[in-house]
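Novice: Take 1 as the starting number for the sequence shown in the numbering used here and just add one per residue.
Here you go, one structure.
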Amino acid sequence: MVVDGGCYDFLEKYAMPHTKEVIERGVSFRNAVAGHGFIETASGMATISTGADIGVHGIIASHEWYDSEAGESVYSVDEYGRAVGLKAPTFGDVVKEAHP
Numbered sequence: 001m002v003v004d005g006g007c008y009d010f011l012e013k014y015a016m017p018h019t020k021e022v023i024e025r026g027v028s029f030r031n032a033v034a035g036h037g038f039i040e041t042a043s044g045m046a047t048i049s050t051g052a053d054i055g056v057h058g059i060i061a062s063h064e065w066y067d068s069e070a071g072e073s074v075y076s077v078d079e080y081g082r083a084v085g086l087k088a089p090t091f092g093d094v095v096k097e098a099h100p
């Protein structure tokens, strides 16, 4: 679970028993730090879901950008919310391949 654009304090301030259990039983970062100067939702989620750096997974922004290899403008997701141009497998891809 990732809280994007929210303050960690809200997870403690408001009664959310299921979220509290996930925090207590899992791994939680109060002050996570990204190693890049420019972070957006799409590139951050791609990094979290693949474990790869932006230079490896290829998602550089949450908005349209020019892909010099493809010679066209691209966007990070398609109309169904699926990643476009993701060059690294996600954790889910790896698990699904190992245990179809």
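Backbone N, C-alpha and C fix where the C-beta goes; we use that ideal spot for every residue, glycine too.
Counting beta carbon pairs with one atom in the segment 42 to 57 and one in the segment 11 to 27, are three or more of them shorter than 8 Å?
Specialist: At 8 Å Cβ cutoff, the stretches do not touch.
Novice: Applying the 10 Å Cβ sphere with the 16-neighbour rule, what's the burial state of His18?
Specialist: For the purposes of this step, residue 18 is taken as the residue at position 18 of the sequence shown. By the 10 Å Cβ count, His18 comes out exposed.
Novice: Compute every distance between the C-beta of Lys20 and the non-hydrogen atoms of the ligand COA, then say whether any falls below 7 Å.
Specialist: The model on display carries no ligand, and the ligand COA is accordingly not part of it.
Novice: Output yes or no for whether 8 Å exceeds the beta carbon distance between Asp76 and Ser62.
Specialist: For the purposes of this step, residue 76 is taken as residue 76 along the sequence shown, with counting starting at 1. For the purposes of this step, residue 62 is taken as residue 62 along the sequence shown, with counting starting at 1. Checking the sequence shown, residue 76 turns out to be Ser, not Asp. Going by C-beta atoms, Ser76 is nearer than 8 Å to Ser62.
Novice: In whole angstroms, what is the alpha-carbon distance linking Ile54 and Gly26?
Specialist: The sequence position of residue 54 within the sequence shown is 54, counting from 1. The sequence position of residue 26 within the sequence shown is 26, counting from 1. Looking at the two C-alpha atoms, the distance is approximately 25 Å.
Novice: Nearest-angstrom Cα distance between Glu64 and Glu79?
Specialist: In the sequence shown, counting from the first residue as 1, residue 64 sits at position 64. In the sequence shown, counting from the first residue as 1, residue 79 sits at position 79. Distance between the alpha carbons of Glu64 and Glu79: 13 Å.
Novice: Report the rounded CA-to-CA distance for Thr41 versus Arg82, giving the unit in angstroms.
Specialist: In the sequence shown, residue 41 corresponds to position 41, counting from 1. In the sequence shown, residue 82 corresponds to position 82, counting from 1. Cα to Cα, Thr41 sits roughly 14 Å from Arg82.
Novice: Kindly list the residues whose CB is nearer than 8 Å to the CB of Thr50, restricted to its own chain and excluding five residues on each side of it in sequence; keep chain order.
Specialist: Taking the sequence shown and counting its residues from 1, the one referred to as residue 50 is at position 50. Closer than 8 Å at the Cβ level, and outside the excluded window around Thr50, lie Val56, His57, Leu86, Ala88, Pro89, Thr90 and Phe91.
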